[in-house]
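K.L.:
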Amino acid sequence: MRERLPSLVALFLLALLVLSTWWAANYTLNTVALDPPRRQTHEPDTWAQNFVMLRTNEAGIAINRLEGAYMLHYPDDDSYHLDDAIVTLNQAQSPIMTAQSDNAIMDEDGTRIQLVGNALLQRQADAKGDVLSVRSERIVLYPNQDTMETDEPAVVKNGSNTLQGTGMTYNNTTRQLHVHRNSHVIMTPTAAPPTGSTHD
Numbered sequence: 001m002r003e004r005l006p007s008l009v010a011l012f013l014l015a016l017l018v019l020s021t022w023w024a025a026n027y028t029l030n031t032v033a034l035d036p037p038r039r040q041t042h043e044p045d046t047w048a049q050n051f052v053m054l055r056t057n058e059a060g061i062a063i064n065r066l067e068g069a070y071m072l073h074y075p076d077d078d079s080y081h082l083d084d085a086i087v088t089l090n091q092a093q094s095p096i097m098t099a100q101s102d103n104a105i106m107d108e109d110g111t112r113i114q115l116v117g118n119a120l121l122q123r124q125a126d127a128k129g130d131v132l133s134v135r136s137e138r139i140v141l142y143p144n145q146d147t148m149e150t151d152e153p154a155v156v157k158n159g160s161n162t163l164q165g166t167g168m169t170y171n172n173t174t175r176q177l178h179v180h181r182n183s184h185v186i187m188t189p190t191a192a193p194p195t196g197s198t199h200d
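Numbering (our numbering), first residue to last: 1 to 200.
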């Protein structure tokens with residue numbers, strides 16, 4: 001029995017230590033007020049003037065450029081809000097498109113750019129030499145798909161022709177423009193070649 005006594009005492013002390021530790025931890029949790037998790041609000045964490053952001057492809061070639069006179073970044077949705085925004089899209093195998101607006105919001109990990117207020121989108125001249133332009137109060141760009149859309153009334157000019165409508169989608173890769181409703185087309189006839197004078 002005497003040989004077991006030290007072992008029993010050590011076991012008792014160990015059990016007492018475990019019990020006291022558990023009690024202290026439980027007491028602390030029940031008596032000490034823990035700070036609630038910080039509620040994430042829509043507040044900017046970064047700002048910049050004369051902001052410029054470039055995105056490149058795997059080859060290191062710039063495929064789009066976003067710039068603005070003033071930028072605010074919001075961490076809750078990782079969005080960038082810009083004043084006097086200018087966007088340049090340069091996808092391979094497609095004409096370069098440039099856009100500008102009073103304000104712009106880039107979100108969804110850079111896959112969407114919303115142009116708000118006096119939005120103007122221009123596509124460089126095609127093989128015929130015609131420049132395509134779209135004007136609307138709101139235009140949404142999807143750089144990865146090289147497309148744009150708007151739910152607002154818009155005016156499209158392609159060369160000398162004008163198209164008006166409400167709600168549009170345009171694919172810069174396929175050059176296809178789809179008008180949702182209230183479309184109205186104004187075609188400017190090409191001038192007839194001058195006829196030569198005849199003599200009797």
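For each residue, glycine too, the CB sits at the ideal point set by N, CA and C.
All figures in this text were calculated on a predicted structure; none of them were measured in a lab.
Quick one: residues in its chain with C-beta nearer than 6 Å to the C-beta of D151, no 5 flanking neighbours on either side, listed in chain order?
P.N.:
G167
K.L.:
So, with DSSP's three-state summary, where would you put S20?
P.N.:
helix
K.L.:
Sort out for me which residues DSSP pairs K157 with in a bridge.
P.N.:
Note: K157 sits in a beta bridge opposite S133, T162.
K.L.:
At what residues does the beta strand (DSSP E) containing G68 begin and finish?
P.N.:
62-74
K.L.:
Give a yes or no on whether the C-beta atoms belonging to L82 and P143 are separated by under 8 Å.
P.N.:
For the pair L82 and P143, the CB atoms are not nearer than the 8 Å cut-off.
K.L.:
How would you call P95, buried or exposed, if buried means at least 16 neighbouring beta carbons within 10 angstroms?
P.N.:
buried
K.L.:
Can you give the Cα-Cα distance for L54 and E67, rounded to whole angstroms?
P.N.:
9 Å
K.L.:
Distance check for V134 and D126, CA to CA, integer angstroms please.
P.N.:
15 Å
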